[in-house]
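Trainee:
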Amino acid sequence: MHPTLSGDLADFDAILDRAREMAGTYLHELPQRPAAANLPVGLSLRTSLPARGLGAHAALQRFEQDWLPLMSGSPGPRYFGFVVGGATPAALAADWLVSSYDQNAQRNGDTGAAAIEAQAVDLLRQLLHWPQHWTGLCVTGATMANYVGMALARQWYGKQHGRDVAVDGVWGLPPMTVFAGASHSSTSKALSMAGIGHGQLHALPLLPGREALDVAALERALVAHGGAPCTVVASAGTVNTVDFDDLAAIAALKARHPFWLHVDAAFGGIAAASDKYRGLLEGIEVADSVTVDAHKWLNVPYDCALTYTAHLPLQLEVFQNRSAYLPAPLAVEDNYLHLAPENSRRFRALPLWMTLLAYGREGHAELVERNCASAQRLGELLGGDPLFRLVAPVRLNVVCFTLANGDAAGLQRLHKALHEDGTAYLSPSTLDGRPMLRAALCNWRTTDADVEQTYAALKRLATAG
Numbered sequence: 012m013h014p015t016l017s018g019d020l021a022d023f024d025a026i027l028d029r030a031r032e033m034a035g036t037y038l039h040e041l042p043q044r045p046a047a048a049n050l051p052v053g054l055s056l057r058t059s060l061p062a063r064g065l066g067a068h069a070a071l072q073r074f075e076q077d078w079l080p081l082m083s084g085s086p087g088p089r090y091f092g093f094v095v096g097g098a099t100p101a102a103l104a105a106d107w108l109v110s111s112y113d114q115n116a117q118r119n120g121d122t123g124a125a126a127i128e129a130q131a132v133d134l135l136r137q138l139l140h141w142p143q144h145w146t147g148l149c150v151t152g153a154t155m156a157n158y159v160g161m162a163l164a165r166q167w168y169g170k171q172h173g174r175d176v177a178v179d180g181v182w183g184l185p186p187m188t189v190f191a192g193a194s195h196s197s198t199s200k201a202l203s204m205a206g207i208g209h210g211q212l213h214a215l216p217l218l219p220g221r222e223a224l225d226v227a228a229l230e231r232a233l234v235a236h237g238g239a240p241c242t243v244v245a246s247a248g249t250v251n252t253v254d255f256d257d258l259a260a261i262a263a264l265k266a267r268h269p270f271w272l273h274v275d276a277a278f279g280g281i282a283a284a285s286d287k288y289r290g291l292l293e294g295i296e297v298a299d300s301v302t303v304d305a306h307k308w309l310n311v312p313y314d315c316a317l318t319y320t321a322h323l324p325l326q327l328e329v330f331q332n333r334s335a336y337l338p339a340p341l342a343v344e345d346n347y348l349h350l351a352p353e354n355s356r357r358f359r360a361l362p363l364w365m366t367l368l369a370y371g372r373e374g375h376a377e378l379v380e381r382n383c384a385s386a387q388r389l390g391e392l393l394g395g396d397p398l399f400r401l402v403a404p405v406r407l408n409v410v411c412f413t414l415a416n417g418d419a420a421g422l423q424r425l426h427k428a429l430h431e432d433g434t435a436y437l438s439p440s441t442l443d444g445r446p447m448l449r450a451a452l453c454n455w456r457t458t459d460a461d462v463e464q465t466y467a468a469l470k471r472l473a474t475a476g
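Okay, structure coming up:
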C-alpha cells in the first residue's frame, strides 16, 4: 500500500473527526454566515496534481483554507434563491452514512439498499396521498426524473403506432407532439435527451395573469391534433410563481383524447403533505408519470428526486439491462437496475427514508405550512411598503416582487447589494418579460425572524441605493 494511503488508514478516525469538526462549525455558523458566497474574479479552474499526495489532513486543510469561504450558505435559513432546501438533521446524518456504507443501490442479493429505497418510495407516496399502485425510484434531480417520464412517454407513443421504440428506435415514427404551459426548462432538456426533440414542445396559452395552463386552449389543441396520440406535461408548482395547472381538468380530458400525462411536481408536489394545500394537486392520481424532488422542500441533501409511474412494464422495457452477470430483468418495484437510467446508483434513498421516519406526517406538514406562512408574511411586508411592489400573488411559498418605481437597473443593484451584504440570497428572474426578484422559502430552519431580517435588509439597501 502506498505510504500516504497507509498512513491515512491508520489515522482514519482522526480524519473523520476533523471532517466532523469542520461540518459542525459550518452548520453552527450558518445563521451568521453570508447566505451566498462572493466569488472572486478569475477563480482558478486548475491546480497541480501532487506526485506523492498531500494526505487527507493536508487536503482537508487546503479545502478549509482556499475553498470553504467560497461555499454558499444554501443550507441556511435565509437562502431563498432558486428552489433550494437544506438538510434536516436526520437526512444529513443519513447522508454521512451513505458515503460510509458506500452501497450500490441495486437488487443484487448482496445488500438491502434497494429494499430501503422501495420503502422510501412508499413512505413518500403515503405522505403525499398518492396512489398505491404507482411505483417509483430515486434519481439525481428533476431533469433525470423528467427524462424518465419522457422516455416512458416515448415508449407508450411507439406502442400506439405498433412499434417497440426500446428495440427499434424512433426512426420512421411521426414526431411525438408534446403540449405544455409554463413548463420547466428541464422538460425541454429531457425531450432532447430522449431523442424526441425539444422542437416538439408546444407551449400553449396560459390563464390571464397566471403561469397556469389554459385548459380550454389545451382541449382545442388536442381536438386540432385529430385524435392522434401525444404527450401533455402539466406543472404542479411553476418555478417563478409556484402556480399550478388544473390537474383535475387536464385529467378529465384523458377520457376523450389519447395522451400520456406527465406531471412535473418537482417543486409543488410536497405541498400535498399538508391537508391545507393538498387540493392543489387534485387529479394527479390520473397521471401516467410524475416528477417530485426531495432535495427541495423535503430538505434531503443533494441530490435526490423521484419518478413515479403507473406503467412499470413500460419502464422495464425502456431501462432493462440484460447481461450474463446481472440479475434477470423482472418487473418488480425494487429491481432498479432494470428500471432506472443508471446501472451504478448511489444509496440516495437513505436520507429520504430517514427524514420521513424521523419527522413523519406532522413534521413535514408543519414544515410546508410554516414556510407558506413565512412567505405570506414577507409578501405582506413588501406589499405594504411603498418601496416595493408584488408582481404575483403569494400562492404558496414564493414571493415575487420588484421596486415600486419600476427601475430595472435599480433592481439589479439591489440584488447585487443584497448578495454582497450576505443577509439573504434571492434569485433574479423575469415575469412577462419584466425583471423581478423572487424569494423561495423551503428550508426547514426558516422562521418569521428570518423573514423580518430579510425584509429589513431589503429596505435598508433599497433606501441606500
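Numbering-wise (our numbering), the sequence shown opens with residue 12 and increments by one.
A virtual CB, placed ideally from N, CA and C, is assigned to each residue, including glycine.
Quick one: using the 10 Å Cβ neighbour count with 16 as the cut-off for buried, is N119 buried or exposed?
Mentor: So N119 counts as exposed.
Trainee: For the candidate residues F190, A193, S194 and I207, whose alpha-carbon lies nearest to that of G180?
Mentor: It is I207 whose Cα lies nearest to the Cα of G180.
Trainee: If we count the other Cβ atoms within 10 Å of its Cβ and call it buried at 16 or more, is S300 buried or exposed?
Mentor: By the 10 Å Cβ count, S300 comes out buried.
Trainee: Compare the beta carbon distance of D256 and A284 with 7 Å and say whether it is the shorter of the two.
Mentor: No. Outside cutoff.
Trainee: What three-state label does DSSP hand T151 in the structure shown?
Mentor: Coil, per DSSP.
Trainee: Taking the beta carbon of H144 as the centre, do at least 16 other beta carbons fall within 10 Å, making it buried, or is it exposed?
Mentor: With fewer than 16 other Cβ atoms within 10 Å, it is exposed.
Trainee: Tell me the residue span of the alpha helix (DSSP H) that contains D113.
Mentor: Neither: D113 is in no alpha helix (DSSP H) and is coded neither H nor E.
Trainee: Candidates K307, A239, W107 and P45: which alpha carbon is nearest G84's?
Mentor: Measuring from the Cα of G84, the nearest candidate turns out to be P45.
Trainee: Considering T465, what are the terminal residues of the alpha helix (DSSP H) in which it resides?
Mentor: Note, T465: alpha helix (DSSP H), D459 to A475.
Trainee: What does a CB cutoff of less than 8 Å around E431 pick up in its chain, not counting 5 residues either side in sequence?
Mentor: Same-chain partners within the cutoff: N49.
Trainee: With a threshold of 7 Å on Cβ separation, who are the neighbours of A177 within its own chain once the five nearest residues in sequence on each side are excluded?
Mentor: Correct list, in chain order: Q166, E328 and V329.
Trainee: Under 7 Å between the Cβ atoms of V159 and A316?
Mentor: No.
Trainee: Rounded to whole angstroms, how far is the Cβ of L442 from the Cβ of H426, which I believe are closer than 8 Å?
Mentor: Not confirmed; about 15 Å, so no contact.
Trainee: Give the list of continuous beta strand (DSSP E) stretches no shorter than 3 residues that lie fully inside the region 202-262.
Mentor: Counting whole runs of 3 or more residues, the region 202-262 contains the beta strand (DSSP E) stretches 212-214 and 241-246.
Trainee: On the DSSP letters alone, give me the boundaries of the beta strand (DSSP E) that C411 sits inside.
Mentor: Its beta strand (DSSP E) spans residues V409 to L414.
Trainee: CB-CB under 7 Å to I127, same chain, minus the five flanking residues each way: which ones, in chain order?
Mentor: A360, L361 and W364, listed in sequence order.
Trainee: DSSP three-state call for D24: helix, strand or coil?
Mentor: Helix at D24.
Trainee: Quick check: the Cα distance between L472 and N454, rounded to an integer number of angstroms?
Mentor: Taking the straight line from one Cα to the other gives about 24 Å.
Trainee: Could you check whether S355 and T457 sit closer than 7 Å to each other, using their CB atoms as the reference points?
Mentor: No, Cβ-Cβ distance for T457 and S355 is not below 7 Å.
Trainee: Which one of D24, L54, D22 and P142 has the shortest CA to CA distance from V297?
Mentor: Comparing Cα-Cα distances from V297 to each of D24, L54, D22 and P142, the minimum goes to P142.
Trainee: Could you tell me which residues DSSP puts in a beta bridge with L448?
Mentor: BP columns for L448 point to F412 and P439.
Trainee: Under a three-way DSSP split, which group does V301 fall into?
Mentor: DSSP places V301 in strand when its eight states are reduced to three.
Trainee: Write down every uninterrupted run of the alpha helix (DSSP H) in the region 45-111 whose length is 4 residues or greater and which is fully enclosed by it, in chain order.
Mentor: Taking only runs of at least 4 residues, the alpha helix (DSSP H) segments lying wholly in the region 45-111 are 67-77.
Trainee: Would you say M155 and L202 are within 7 Å of each other, going by their C-beta atoms?
Mentor: No, Cβ-Cβ distance for M155 and L202 is not below 7 Å.
Trainee: Let's test the definition: count the other Cβ atoms within 10 Å of the Cβ of F74 and tell me whether it reaches 16, buried, or not, exposed.
Mentor: When all chains shown are included, F74 counts as exposed.
Trainee: Can you tell which of A475, L233 and A460 has the C-alpha that lies nearest to the C-alpha of A428?
Mentor: Nearest option by C-alpha distance: A475.
Trainee: Quick check on DSSP: helix, strand or coil for W364?
Mentor: Helix at W364.
Trainee: Take the Cβ of N157 as the centre, count every other Cβ of all protein chains shown within 10 Å, and call the residue buried at 16 or more, exposed below.
Mentor: That one is buried.
Trainee: Would you kindly check if the distance between the Cβ of V253 and the Cβ of L407 is under 7 Å?
Mentor: Yes, the pair counts as a contact, with Cβ atoms nearer than the cut-off.
Trainee: Would you identify the three-state DSSP class for A351, choosing helix, strand or coil?
Mentor: Coil, per DSSP.
Trainee: Tell me, to the nearest whole angstrom, how far the beta carbon of V250 is from that of F278; I am working on the premise that it is less than 8 Å.
Mentor: Indeed they touch by this definition, with Cβ atoms about 6 Å apart.
Trainee: Counting pairs of Cβ atoms below 8 Å between the region 63-82 and the region 415-425, do you hit three or more?
Mentor: The region 63-82 is not in contact with the region 415-425.
Trainee: Distance, Cα to Cα, L184 vs A164?
Mentor: When rounded, the distance between both Cα atoms is 14 Å.
Trainee: Check the C-beta distance from L392 over to F412 and give it rounded, since I have them as a contact under 8 Å.
Mentor: Not a contact, Cβ separation roughly 10 Å.
Trainee: Whole angstroms is fine: what's the gap from L20's alpha carbon to G66's?
Mentor: Rounded to whole angstroms, L20 to G66 spans 10 Å at the Cα level.
Trainee: With a threshold of 16 other CB atoms inside 10 Å of the CB of L27, please say whether the residue is buried or exposed.
Mentor: Exposed, by the Cβ-count rule.
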